[in-house]
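To keep things clear, I will list the structure first and then write my remarks on it.
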Amino acid sequence: ESPISEMSGYLPVEEPMEEDDEKQDKVVKVVKKKQKNIQEEAEKLRRSKEDSQLEELKAKADLLKIKADKAVKIHQNAGYNYENECKRVVQRRAAYDSRTKNKKNIIDQGKRLKKLHESERGRRQAEKEELDIVRAKYNT
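Each residue of the sequence shown is one higher than the last, beginning at 541 in this note's numbering.
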């Protein structure tokens, strides 16, 4: 007996009977079994919840992968479009330069033709004047 129980005036507690021990052992076994079952069910629920979360995450990952593939394709198409537009700009610039060059060539050709016509007219005029001079000599 503890000295505290003697001082407080408590009577010593009798030891429980063996029957109570057996009943308590059975109760403890049942309680432990129920606790074990509850823990197993909780573990199953946790696993099923983790599995469902894993499935959701896999589905989300698949969607994100699809979106990423689309984004990559859009980016590639934008790159191709940019390259094609650059090529078109170069082609348009070359065509414009060609037209302006042709226009300048045509203007230059017109000027050369005009000079040629003027020189030809001047040559004919000179021949005509020479003929007039020669005719004037022979007519007189």
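The beta carbon of each residue, even a glycine, is placed where N, CA and C say it ideally should be.
Between the C-alpha atoms of Arg661 and Gln631 there is a straight-line separation of about 44 Å.
Rounded to whole angstroms, Leu604 and Gln593 show a C-alpha spacing of 16 Å. Within its own chain, no residue has a Cβ closer than 8 Å to the Cβ of Ala608 once the five positions on either side in sequence are excluded.
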